[in-house]
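Q: Below: one structure in C-alpha cells.
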Amino acid sequence: MERDGVIPRPVPTGRSTKADTGRLFDPQGTTPAVVEILGQPWMGKTRLLHRILDDARKQGWSVAHAAAGPAAGAAPYQLFSDAFDEIFADRAGTVLRNLPIACRQVLGGVFPALDLTAGPAPAPGPVAPGPMGSALRQAVRGLTESSGLVLALDDVHWADPASLDLLESLVRRPPDARLVIVVAHRDRQSPLRLRGLLASVPGTHRIELGPLPEPELDALLPEGTARPLRRALTGRAGGNPGLLLALAAAPRAYGGTAPDAPGLTPFTRFLEEFRAVTGDGWLVAQSAAVLGDAFTLHELRSLTELPAERLADAVAELLREDIVRPGELADQYRFRHSLLRATAYHSTSERWRLAAHTAATGLVPLPAPCAHGQAEPVPHRTPVADRVRSGLLPRPADHTCVPGDGTLLYAQRVRTGKALVVAGRPSEALDVLDRTASPGAEVPLVLRAEAAEWRARAQRLLGRYALAESLLDAVRPDVAGEPEALALIDLARLAAALERGTPLPGGAPPSARWATDRSDPLARAYAGALLGAQDADAGRTAQAAARLDGVAALLDGLDDSVLVGRLDPLYWLARSLARLEQDAAAARHFERGLGIAAAHELDHLVPQFATGLAEVRLRLGRVDLAIESGHRAMRAADRIGSDCLLAEAGAGLARAAWIGGDRAAALRTAREAARRAEAWREPWADRVRLSLLETTFDTGDQELCRELLSTGTVRRAASFPVVSMVPAVAEVLARLEGERRGSATEAGRWATVAEEAAGRLRLPGATGLALLARAHHHRVTDPLRAAVFASSAVVTLTRAGRPLDVVRAHLAVAAAWAGIDSAVARRQLDEAQVLLRDRGAHGYLDHTDDLATSAPAQSADARLARLSSREREISVLVSDGCTNQQIARALRLSHKTVETHLGRIFKKLDVGSRAQVATSIGRAARFTDARFADRPTPVGASDQLA
Numbered sequence: 000m001e002r003d004g005v006i007p008r009p010v011p012t013g014r015s016t017k018a019d020t021g022r023l024f025d026p027q028g029t030t031p032a033v034v035e036i037l038g039q040p041w042m043g044k045t046r047l048l049h050r051i052l053d054d055a056r057k058q059g060w061s062v063a064h065a066a067a068g069p070a071a072g073a074a075p076y077q078l079f080s081d082a083f084d085e086i087f088a089d090r091a092g093t094v095l096r097n098l099p100i101a102c103r104q105v106l107g108g109v110f111p112a113l114d115l116t117a118g119p120a121p122a123p124g125p126v127a128p129g130p131m132g133s134a135l136r137q138a139v140r141g142l143t144e145s146s147g148l149v150l151a152l153d154d155v156h157w158a159d160p161a162s163l164d165l166l167e168s169l170v171r172r173p174p175d176a177r178l179v180i181v182v183a184h185r186d187r188q189s190p191l192r193l194r195g196l197l198a199s200v201p202g203t204h205r206i207e208l209g210p211l212p213e214p215e216l217d218a219l220l221p222e223g224t225a226r227p228l229r230r231a232l233t234g235r236a237g238g239n240p241g242l243l244l245a246l247a248a249a250p251r252a253y254g255g256t257a258p259d260a261p262g263l264t265p266f267t268r269f270l271e272e273f274r275a276v277t278g279d280g281w282l283v284a285q286s287a288a289v290l291g292d293a294f295t296l297h298e299l300r301s302l303t304e305l306p307a308e309r310l311a312d313a314v315a316e317l318l319r320e321d322i323v324r325p326g327e328l329a330d331q332y333r334f335r336h337s338l339l340r341a342t343a344y345h346s347t348s349e350r351w352r353l354a355a356h357t358a359a360t361g362l363v364p365l366p367a368p369c370a371h372g373q374a375e376p377v378p379h380r381t382p383v384a385d386r387v388r389s390g391l392l393p394r395p396a397d398h399t400c401v402p403g404d405g406t407l408l409y410a411q412r413v414r415t416g417k418a419l420v421v422a423g424r425p426s427e428a429l430d431v432l433d434r435t436a437s438p439g440a441e442v443p444l445v446l447r448a449e450a451a452e453w454r455a456r457a458q459r460l461l462g463r464y465a466l467a468e469s470l471l472d473a474v475r476p477d478v479a480g481e482p483e484a485l486a487l488i489d490l491a492r493l494a495a496a497l498e499r500g501t502p503l504p505g506g507a508p509p510s511a512r513w514a515t516d517r518s519d520p521l522a523r524a525y526a527g528a529l530l531g532a533q534d535a536d537a538g539r540t541a542q543a544a545a546r547l548d549g550v551a552a553l554l555d556g557l558d559d560s561v562l563v564g565r566l567d568p569l570y571w572l573a574r575s576l577a578r579l580e581q582d583a584a585a586a587r588h589f590e591r592g593l594g595i596a597a598a599h600e601l602d603h604l605v606p607q608f609a610t611g612l613a614e615v616r617l618r619l620g621r622v623d624l625a626i627e628s629g630h631r632a633m634r635a636a637d638r639i640g641s642d643c644l645l646a647e648a649g650a651g652l653a654r655a656a657w658i659g660g661d662r663a664a665a666l667r668t669a670r671e672a673a674r675r676a677e678a679w680r681e682p683w684a685d686r687v688r689l690s691l692l693e694t695t696f697d698t699g700d701q702e703l704c705r706e707l708l709s710t711g712t713v714r715r716a717a718s719f720p721v722v723s724m725v726p727a728v729a730e731v732l733a734r735l736e737g738e739r740r741g742s743a744t745e746a747g748r749w750a751t752v753a754e755e756a757a758g759r760l761r762l763p764g765a766t767g768l769a770l771l772a773r774a775h776h777h778r779v780t781d782p783l784r785a786a787v788f789a790s791s792a793v794v795t796l797t798r799a800g801r802p803l804d805v806v807r808a809h810l811a812v813a814a815a816w817a818g819i820d821s822a823v824a825r826r827q828l829d830e831a832q833v834l835l836r837d838r839g840a841h842g843y844l845d846h847t848d849d850l851a852t853s854a855p856a857q858s859a860d861a862r863l864a865r866l867s868s869r870e871r872e873i874s875v876l877v878s879d880g881c882t883n884q885q886i887a888r889a890l891r892l893s894h895k896t897v898e899t900h901l902g903r904i905f906k907k908l909d910v911g912s913r914a915q916v917a918t919s920i921g922r923a924a925r926f927t928d929a930r931f932a933d934r935p936t937p938v939g940a941s942d943q944l945a
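When the letters of the sequence shown are read in order and numbered with numbering that gives the first Met the number 0, they come out as residues 0 to 945.
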C-alpha cells in the first residue's frame, strides 16, 4: 500500500519522471549522493521513489528500501533495520567477510541477519549513533563491491530519532562506496533537523512534485466518468493525483462516484493519515470534526474537557501530522482537507456524534466517546454562536421523556440536525436527520413534520430540490390530520418550489393560508412572504405588492433579536420586492438579513442574502458594492460546499466583475460557475446558464458560450415558469440571436416573449427590457425602428431606476445609428459615459470608449459612394438577410458573380462578415435610398408598447 497517500493504484507523476530518474544512474554522468523527494500529501512521492528504484535495478544497482512508521511505536534504528533486513539476509557472507568483530557486535543488535551469536543474548542497550554509523559504513562498503547500492527511505518525516541520527551520520560522512540515498518526505510534517540536513548537503538532487496539468489528471479517472464530474473532480483536486483518485472514490454525498455507505467504510483508506495520532489526538480530531470546518481551542475545551496542557499537546500533534492547519483568524484551526474531517467524524459511533452535536449546541452534557476512557460529562461552556443556535432549538415542553425514550432520541436528532443546517453543514445534518425517516407511533406529528422540513431544507441547500419535494410529499399524508404539522410541510413545499423555479402543483395549499392567521408574528410573516413570493413569480404584481406591504410592516416592527428565531421571512420579502422592481427596499431588507445572519452565524442563509444583495446593488448601479457582496456570497457558499449556491453566486459575481472592468476575473468566475452547474438539470442550473450567457457574450468567451448553448437551456427557456424573470431572460436571448447568430426571426420570437411577460407584469423595468429586446430584433434589418425602440427603452428604464440597463439601451441606440448618422451615435455614447461616471463600471466605460473610437467618421453618403450601384443593391439585400442564392435570383446574376461582388464589398469596407456589411452599409443604404423614403411604418403590439 502506498504510504504517502490513499492511492489505490499507481499514479503517474506527469512531471517528466523518466527524465528526472533515468539520468540519476547514467554511467556516463555524475551520480548524486543524496536524492530528496518532497511534496504535498498524496502528490505521488512514493510512486516516484519506486520509479527510481526500478531505474536503479535496470542499471544493475542493488536496492535497500523501507518506509518509516510513527516514531512512538518504533524501536531505535527501526527504519534502517527494515531497509537492510532483506539484503543483509541474502548477502550476509559478503558483508561479514571484511567486517571487523567490533562492527559485527554493533550491527548485530539492530540487524538480525548479522547477529551470529549462538542462542538468545541479553537485550543490549541502545547503540550510540557514532559507532552505529561507522559500522554501517563498513557494511555498505561490503555490499557495494560488485555493484552500487540505492538506499531508499520513504515517509522519513515519521522516522524515529535514532534513525534520523544514523541518516545524518551517513549523509555528512558518506562511505567510500557507490551509495545513493533517496529520501522521500512531507515537508510540512518533517522535523526541522531533517529539513536542515537535506538543505545543507551539497550536491543534493532535489525533486519537488508540483501540480499535475489538467489533461494528465483527467487521464487518471476511470473511463465512463461523466464530463461534468470529471471537471468537478479535477478542479477540486488542484493538480494532486492522489487527492483526485481519493475524491473519485469518495461517496456521492462528498462529491465522489462511490455509492453512499453508512459509517466509516468509505473513509477507511484515510485512517493511514491518523496512524501516528495518540488517544488525546483522536479525541480532539473527532471533537473538531463535530465543530465544523473551523474551530478554536475554546470550543475544543468545551467538548473534550481535556486539561489545557493535554489539549495543547493534542492540537500540536494534529498540526505536526498536518491533519489540521492554522485558520485565517487567530486561535482558529481547520482540517487540511474535508475528507480527513469526514474520516474523523465517522470514526465515532452515531450516538456519540449525536451527543457531541447536542453538547456543542448547549442542550445536554456530553458523555465521552466509549473509545476513550473519559468519564466526566462536559459542562455547558459552549461558544457564543452555539448558544445562539441552541436558542433556536427549544426543547419540547409538551412531553417528558426519560433517557433512552424513543421520542427523546428522535427530538434530539431533530434539534441536532437543525443546528447543523443552521451552521451551514447540510451533509452532516442529513447524516443525523435521515435517521428520523421512520418514526415510531409515539412521535408527535408536529415533530415529524419538523424533521421532514429540515431534511428538505438540507437537500435544498445542496441544490437537490426534486429530492426535497419528494421527501415532503411522502410525509404530507401522514401528518394531514394535524393543521400545524400540515402547514409546516406545505410551507416547506412552497419554499422548495419557489427556490427550484417551478410552480407548486395546485397553487398555494389552504394550510399555507391557514398559517397567515396564526398568533405568532414570525409564522404569519413567513407564510405571507412565501405567498407573496409565489404571486410575484407568477406575475400577479398588484396582489403580491399588497401582500408584501403587510409582511414588510410586520417585520419592520420586530426587533432583530426576534428575527434570529426565523430569518426566512426577511429573505423571501427581500427577494420578492426585487422581483417587483422595488430594488431600494429589497436592498434594505437584504442588508438587514445579511447583518443578522452574519452576526449570529446563521451560515445557511448568508449566501442567499449576499447573492440577492449583489443582484439588486448591481441593478442600482452600485458596482463596487455588488462585487463585494458577490465575493461574500462565494465565500459563504464555499463553506457550505453547495454547487447550487456557488454557481448562483458565481454567475452574479462574474457579471459584476465584467461590469467593474476585471475581465480576467469575470472569465474565471463564469467558467467556474458553469462547471458547478454543468452536471445539473434542475431549473436553477438553467437560470445560472442563462445568466452566464450575457457575461460570456460580453467577455468574448465563445467556447463557454457554445458549451452553455449545447445544454438545451435556450430551448427550455421558452417555457420558463417564473414570469417575473422572463423579460430579462428573453432580452438576453434576443440579443444573442440578433447579434451573434444574425437570426432576426429568432430574435423577434424572443422579443415577443418579453413583450407578453411585460404586459402581464406592468412594471417599468420589464417593459424597458422588452423594448430593448425588440431593438435587438430590428438591429440588422431595420435600424431606424431599432433606434426608436432602444430610445423608448432609455426613457422607460430611467423611470425604473436602472442606470446600467439605461446605459445598455443608449449603446443599442448608438449601434442602430452607427450606420446612419455617426454624430447621433456619438451623442448616445457620450450620454452613456455620463451615466457611468463614479459608478465603478469600468467595463462598460472601456466598452463605450472602444465603440466611440471605432465609430465610423464618414457620413452614410460618403461610405455608400465607395460602392458601385450593383454593390449597393447587394448590400441592401444582405441587410435583408438574403443568402447568396436568393440575391442571385433577385438580381438575375450567377451565384459566382454575387460572391465576387461580395468579396469586393468586403475589401472596400475592410470588413470580414455579412453581418458587418449589413451593420455598416446595408442599413445606411436603406435609410438613404429613395425607394424606402415613403415606406409606411407597420403598427403592431410591439409598436404600441413603444
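Where is the CB? At the ideal position from N, CA and C, for every residue including glycine.
Note that the structure is predicted; figures quoted are calculated from it, not measured.
Name, in chain order, the residues that DSSP records as bridge partners for Gly234.
A: Translated into positions along the sequence shown, residue 234 becomes position 235. Paired residues: none, contrary to the question.
Q: Sort Leu296, Ser301, Asp279 by Cα distance to Ala343 and report the nearest one.
A: Here residue 343 is taken as the residue at index 344 of the sequence shown, counted from 1. That would be Asp279, whose Cα lies nearest to the Cα of Ala343.
Q: Could you tell me which residues DSSP pairs with Pro325 in its beta bridges?
A: Taking the sequence shown and counting its residues from 1, the one referred to as residue 325 is at position 326. Within the DSSP bridge table, the entry for Pro325 names Tyr332 as partners.
Q: Ignore the nearest five residues each way along the sequence and tell me which others in Arg675's own chain have a CB closer than 6 Å to its CB.
A: Working through the sequence shown from its first residue, we reach residue 675 at position 676. Asp642, Leu645, Ala646, listed in sequence order.
Q: Could you have a look at Gly372 and say whether DSSP puts it in helix, strand or coil?
A: The residue you call residue 372 lines up with position 373 of the sequence shown. Bear in mind that the predicted position of Gly372 carries a pLDDT of just 33, short of 50, making it too unreliable to give a figure here.
Q: Would DSSP call Gly711 helix, strand or coil?
A: Here residue 711 is taken as the residue at index 712 of the sequence shown, counted from 1. DSSP places Gly711 in coil when its eight states are reduced to three.
Q: Any contact of the region 181 to 191 with the region 94 to 112, i.e. 3+ C-beta pairs under 8 Å?
A: no
Q: Please report the Cβ distance between Leu521 and Gly564, rounded to the nearest whole angstrom; I am assuming they are in contact, meaning their Cβ atoms lie under 8 Å.
A: For this step, residue 521 is matched to residue 522 along the sequence shown. For this step, residue 564 is matched to residue 565 along the sequence shown. The pair is a contact, with the Cβ atoms about 6 Å apart (cut-off 8 Å).
Q: Give the DSSP-derived three-state secondary structure of His599 in the structure shown.
A: Position 600 of the sequence shown, counted from the start, is the residue given in the question as residue 599. If DSSP states are grouped into helix, strand and coil, His599 belongs with coil.
Q: If you follow the alpha helix (DSSP H) that Asp559 is in, where does it begin and where does it stop?
A: Along the sequence shown, one-based indexing puts residue 559 at 560. Counting along the chain, the alpha helix (DSSP H) containing Asp559 begins and ends at 559 to 562.
Q: Alpha helix (DSSP H) containing Ser575: first to last residue?
A: Locating residue 575 in the sequence shown gives position 576, counting from the first residue. First-last of the alpha helix (DSSP H) with Ser575: 567 to 578.
Q: Quick check: Glu449 and Leu487, are their CB atoms within less than 8 Å of each other?
A: Within the sequence shown, numbered from 1, the residue matching residue 449 stands at position 450. Within the sequence shown, numbered from 1, the residue matching residue 487 stands at position 488. In contact: Glu449 and Leu487 (Cβ atoms closer than 8 Å).
Q: So what's Thr896 in DSSP terms, helix, strand or just coil?
A: Here residue 896 refers to the residue found at position 897 when the sequence shown is read from its first residue. Reduced to three states, the DSSP call for Thr896 is helix.
Q: Output yes or no for whether 8 Å exceeds the beta carbon distance between Glu35 and Leu197.
A: In the sequence shown, residue 35 corresponds to position 36, counting from 1. In the sequence shown, residue 197 corresponds to position 198, counting from 1. Yes, the Cβ-Cβ distance between Glu35 and Leu197 is below 8 Å.
Q: Using DSSP with H/G/I as helix, E/B as strand and the rest coil, what is Arg966?
A: The chain is shown only over 0 to 945; residue 966 falls outside these bounds and no answer can be derived.
Q: Specify the secondary structure class of Ser61 as computed by DSSP and reduced to three states.
A: Residue 61 sits at position 62 when you count from the first residue of the sequence shown. Of the three classes helix, strand and coil, the one that applies to Ser61 here is strand, per DSSP.
Q: According to DSSP, Ala66 sits in a beta bridge with which residue or residues?
A: Here residue 66 corresponds to residue number 67 of the sequence shown, with the count starting at 1. Note: Ala66 sits in a beta bridge opposite Asp153.
Q: For the alpha helix (DSSP H) that contains Thr303, what are its first and last residues?
A: Within the sequence shown, numbered from 1, the residue matching residue 303 stands at position 304. 296 to 303 is the span of the alpha helix (DSSP H), which, as asked, contains Thr303.
Q: Alpha carbons only, please: which of Ser874, Ala814, Asp837 is nearest the one belonging to Leu624?
A: Within the sequence shown, the letter at position 625 stands for residue 624. Closest option to Leu624, Cα to Cα, is Asp837.
Q: List the residues that DSSP assigns as beta-bridge partners of His184.
A: The sequence position of residue 184 within the sequence shown is 185, counting from 1. As computed with DSSP, His184 is found in a beta bridge with Leu37.
Q: Quick one: which unbroken alpha helix (DSSP H) runs of 4-plus residues sit fully inside the region 600 to 648? Chain order, please.
A: 605 to 618, 622 to 639
Q: Rounded to the nearest angstrom, what separates Ala997 and Asp330 at their Cα positions?
A: There is no way to answer for residue 997, as the model of the chain reaches only from 0 to 945.
Q: State the Cα-Cα distance for the pair Gly758 and Ala743, rounded to the nearest angstrom.
A: In the sequence shown, the residue the question calls residue 758 occupies position 759. In the sequence shown, the residue the question calls residue 743 occupies position 744. When rounded, the distance between both Cα atoms is 22 Å.
Q: Suppose you measure from the CA of Ile86 to the CA of Leu52; what does that come to, to the nearest Å?
A: As a first step, residue 86 is located in the sequence shown; it is residue number 87 there, counting from the start. As a first step, residue 52 is located in the sequence shown; it is residue number 53 there, counting from the start. The alpha-carbon of Ile86 is positioned some 14 Å away from that of Leu52.
Q: Thinking just about the alpha-carbon of each residue, which of Met633, Thr267, Pro443, Tyr570 is nearest to the one in Ala494?
A: As a working mapping, residue 494 is identified with position 495 in the sequence shown. Nearest of Met633, Thr267, Pro443, Tyr570 to Ala494, Cα basis: Tyr570.
Q: Apart from the five residues on each side of it in sequence, which residues of its chain come closer than 7 Å, Cβ to Cβ, to Arg424?
A: For the purposes of this step, residue 424 is taken as the residue at position 425 of the sequence shown. Closer than 7 Å at Cβ, skipping near neighbours: Gly291.
Q: Determine, using beta-carbon pairs with one atom in the region 614 to 623 and one in the region 430 to 449, whether at least three such pairs fall under 8 Å.
A: no
Q: Can you give the Cα-Cα distance for Ser469 and Leu446, rounded to whole angstroms?
A: Counting from 1 along the sequence shown, the entry for residue 469 is found at position 470. Counting from 1 along the sequence shown, the entry for residue 446 is found at position 447. So the two alpha carbons sit approximately 19 Å from each other.
Q: Since Leu135 contacts Leu163 with CB under 8 Å, what's their CB separation in whole angstroms?
A: Translated into positions along the sequence shown, residue 135 becomes position 136. Translated into positions along the sequence shown, residue 163 becomes position 164. Separation of the CB atoms of Leu135 and Leu163 is rounded to 14 Å, and the pair is thereby denied contact status at 8 Å.
Q: Should Asp845 be labelled buried (16 or more other beta-carbon atoms within 10 Å of its own) or exposed?
A: If you number the sequence shown from 1, residue 845 lands on position 846. Exposed, since its Cβ has fewer than 16 Cβ neighbours within 10 Å.
Q: Which residues in the same chain have their Cβ closer than 7 Å to the Cβ of Ala112, if we skip the five residues on either side of it in sequence?
A: Taking the sequence shown and counting its residues from 1, one reaches residue 112 at position 113. Cβ neighbours of Ala112 beyond the five flanking positions: Asp84, Phe87, Ala88, Ala91.
Q: By alpha-carbon positions, which one of Arg235, Leu244, Arg913, Thr501 ends up nearest to Ala218?
A: In the sequence shown, residue 218 corresponds to position 219, counting from 1. When each option's Cα is compared against that of Ala218, the closest is Leu244.
Q: Can you name, in chain order, every residue of its own chain whose Cβ lies under 6 Å from the Cβ of Ala774, other than the five neighbours on each side?
A: The residue you call residue 774 lines up with position 775 of the sequence shown. Correct list, in chain order: Ala785, Phe788, Ala789, Ala811.
Q: Please list, in chain order, all residues of the same chain as Gln285 whose beta carbon is under 6 Å from its beta carbon, the five residues on each side excluded.
A: Sequence index remark: in the sequence shown, residue 285 carries index 286 (1-based). So the list reads Ala343, Thr347, once near-sequence residues are dropped.
Q: Contact between the region 756 to 771 and the region 720 to 737 is defined here as three or more beta-carbon pairs at a separation below 8 Å; is this criterion met?
A: yes
Q: Give every residue of the same chain whose Cβ lies closer than 7 Å to the Cβ of Val806, excluding the five residues on either side of it in the sequence, and list them in chain order.
A: As a first step, residue 806 must be located in the sequence shown, where it is residue number 807. For Val806, where only same-chain residues beyond five positions count, the Cβ hits under 7 Å are Ala831, Leu834, Leu835, Tyr843.
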